[in-house]
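What follows is a set of notes on a single structure, which appears directly below.
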Amino acid sequence: MRQQQSQLRDCKIPTELRTWLYASGSLTQQLTDLAQGIFKVKPNAEHFQRLSLKDAQWLKMPAHHTAWVRESYLYGCEAQPWVKAKSIFPILSLQGRARIFQHIGNKPIGYFLFQRTTPVCERRVLWLEDGWTRQSCYTWHGCKFIVQETFLPAFEQYLQQHSLRTSS
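Basically our numbering = 1-based index in the sequence shown + 281.
Shown next as structure tokens:
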């Protein structure tokens, strides 16, 4: 049943987004490449909150555990944001090397996450209110955290226009 639901959902994913939702590696680098070197992060909220039950289960942590959350928009070569990002770092994960993530300001998480390393990643793809979203649960230097990336309508439009230009 779950596999059937997943297959039905996959059929509804716009073709141009499917590759992005299931791509491995650094989204930061992939967006930078697509935008011919242009990329910026604009953080819009950083705060502490309790893990949701679903996220706590995925991270294998107690549901009452507190996390540091960073919400931001990712921009390519256009004025409109392409991706709405949300990173969820359980307090226990903000130790050791992962402490850096709480203090990176407007730098992309991917810059640190994929620098000379390939973190273990579990992924799920779902539809949220703002659009198609990929949630990645990373294990990086022994720390587990979630990075959620929602591809916004401006990104889908850019992909459609970009594919028209490259095919003509």
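Positions of the beta carbon are idealized from the N, C-alpha and C atoms, including for glycine.
For residue j and residue i, the rounded distance between their alpha carbons
i, j, result
"Arg404", "Thr300", "13 Å"
"Ser449", "Thr414", "Reliability of the predicted coordinates at Ser449 is poor, the pLDDT of 46 falling under 50, and the value obtained from them is presented with this limitation in mind. Roughly 30 Å separates the two Cα atoms."
"Arg331", "Ala337", "9 Å"
"Gly442", "Pro343", "Sequence inspection shows Gln at residue 442; the Gly mentioned does not correspond to that position. Cα to Cα, Gln442 sits roughly 45 Å from Pro343."
"Ala360", "Ile319", "11 Å"
"Lys367", "Ile427", "8 Å"
"Leu373", "Gln416", "20 Å"
"Leu394", "Leu298", "23 Å"
Among the options, nearest to residue i - alpha-carbon criterion
i, options, result
"Tyr354", "Thr313, Lys365, Gln441 and His346", "Lys365"
"Gln376", "Thr420, Gly357 and Lys341", "Thr420"
"Pro371", "Arg351, Lys388, His443 and Tyr356", "Arg351"
"Tyr392", "Val322, Pro295 and His345", "Val322"
Start-to-end residues for the alpha helix (DSSP H) that takes in residue i
i, result
"Thr296", "Thr296 to Tyr303"
"Leu280", "In this structure the chain extends from 282 to 449, so residue 280 is not present and cannot be described."
"Phe382", "That residue, Phe382, is in no alpha helix (DSSP H); it is neither H nor E in DSSP."
Beta bridge counterpart(s) of residue i as assigned by DSSP
i, result
"Ala366", "Ser353 and Glu430"
"Thr398", "The partner list for Thr398 (beta bridge, DSSP) is empty, contrary to what the question assumes."
Beta strand (DSSP E) segment containing residue i, residue limits
i, result
"Ala326", "Lys321 to Arg331"
"Gln416", "Gly412 to Trp421"
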